[in-house]
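Residue numbers (our numbering): 5 to 150.
Yeah, the Cβ is synthetic: ideal placement off N, Cα and C, and Gly gets one too.
A quick note: this is a predicted structure, and the numbers were derived from the prediction, not measured.
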């Protein structure tokens with residue numbers, strides 16, 4: 005007999021597999037960024053060293069293959085459990101309304117920036133400057149937003 009708790013358990017397990025897959029993609033993305041920033045500044049190298057799974061590409065690939073195998077095994081297990089529930093299959097296509105899309109630009113309205121003037125101008129100037137000798141792929145600004 006199929007129960008609500010069995011369905012909830014299967015959905016929870018499926019979500020966990022999706023989270024594991026997302027974590028794996030994050031690891032690959034970070035490793036790629038670090039590989040691209042390999043010749044960058046010492047600070048970038050230190051940051052990459054901290055977040056990198058392994059400095060050795062062979063070890064990284066071996067760990068990656070192991071994680072993929074685990075995710076594949078877990079996904080098959082969840083699919084098998086869910087097939088036992090005899091759920092109705094349906095295809096849902098979500099269509100995003102174009103009016104919901106918000107266009108962004110680098111234009112800054114100084115009247116909308118609230119806070120410490122000197123710090124704001126330093127941040128804006130830093131973002132506007134080009135640094136041909138540096139390959140910064142990421143700028144983190146914490147505490148700003150609408």
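Q.
What does the alpha-carbon distance come out to for the pair residue 14 and residue 82?
A. The count along the chain shown starts at 1 and reaches residue 14 at position 10. The count along the chain shown starts at 1 and reaches residue 82 at position 78. C-alpha separation (whole angstroms): 6 Å.
**Q.** Spatially closest choice to residue 28 from 73, 87, 10 and 11, by CA coordinates
**A.** Counting from one through the chain shown, the residue named residue 28 turns up at place 24. Measuring from the Cα of residue 28, the nearest candidate turns out to be 73.
Q. Buried or exposed: where does residue 91 fall if 16 or more other Cβ atoms within 10 Å of its Cβ makes it buried?
A. Here residue 91 is taken as the residue at index 87 of the chain shown, counted from 1. That one is exposed.
Q: Return the CA-CA distance between residue 70 and residue 134, expressed in angstroms with no decimal places.
A: Here residue 70 corresponds to residue number 66 of the chain shown, with the count starting at 1. Here residue 134 corresponds to residue number 130 of the chain shown, with the count starting at 1. Going from the Cα of residue 70 to the Cα of residue 134 covers about 41 Å.
Q: State the DSSP-derived secondary structure class of residue 20, mapped to helix, strand or coil.
A: The sequence position of residue 20 within the chain shown is 16, counting from 1. Note: residue 20 maps to helix in three-state DSSP.
**Q.** Coil, strand or helix - residue 60 by DSSP
**A.** Your numbering for residue 60 matches position 56 in the chain shown. Residue state, collapsed to three classes: coil.
**Q.** residue 11 vs residue 68 beta-carbon contact at 7 Å
**A.** In the chain shown, the residue the question calls residue 11 occupies position 7. In the chain shown, the residue the question calls residue 68 occupies position 64. No.
**Q.** Residues of its chain near residue 21, where Cβ-Cβ distance is below 7 Å and the 5 sequence neighbours each way are ignored
**A.** For the purposes of this step, residue 21 is identified with residue 17 of the chain shown, where counting begins at 1. Exclusion of the five residues before and after residue 21 leaves 75, 78, 79 and 82 as the residues of its chain whose Cβ lies within less than 7 Å of its Cβ.
Q: Please report how far the alpha carbon of residue 24 lies from the alpha carbon of residue 40, in whole angstroms.
A: Numbered from its first residue, the chain shown carries residue 24 at position 20. Numbered from its first residue, the chain shown carries residue 40 at position 36. Rounded to the nearest angstrom, the two C-alpha atoms are 24 Å apart.
(Q) Here's the rule: buried if 16 or more other CB atoms are within 10 angstroms of the residue's CB, otherwise exposed. What is residue 8? (A) Within the chain shown, numbered from 1, the residue matching residue 8 stands at position 4. Around the C-beta of residue 8, fewer than 16 other C-beta atoms lie within 10 Å, and the residue is accordingly described as exposed.
Q. When DSSP labels each residue in this structure, what does residue 88 get in the three-state scheme?
A. Within the chain shown, numbered from 1, the residue matching residue 88 stands at position 84. DSSP places residue 88 in coil when its eight states are reduced to three.
Q) Is residue 64 closer than 7 Å to residue 84 when the C-beta atoms are compared? A) What you label residue 84 is simply residue 80 of the chain shown in a count that begins at 1. What you label residue 64 is simply residue 60 of the chain shown in a count that begins at 1. No; because the gap between Cβ atoms is not below 7 Å, this pair is not in contact.
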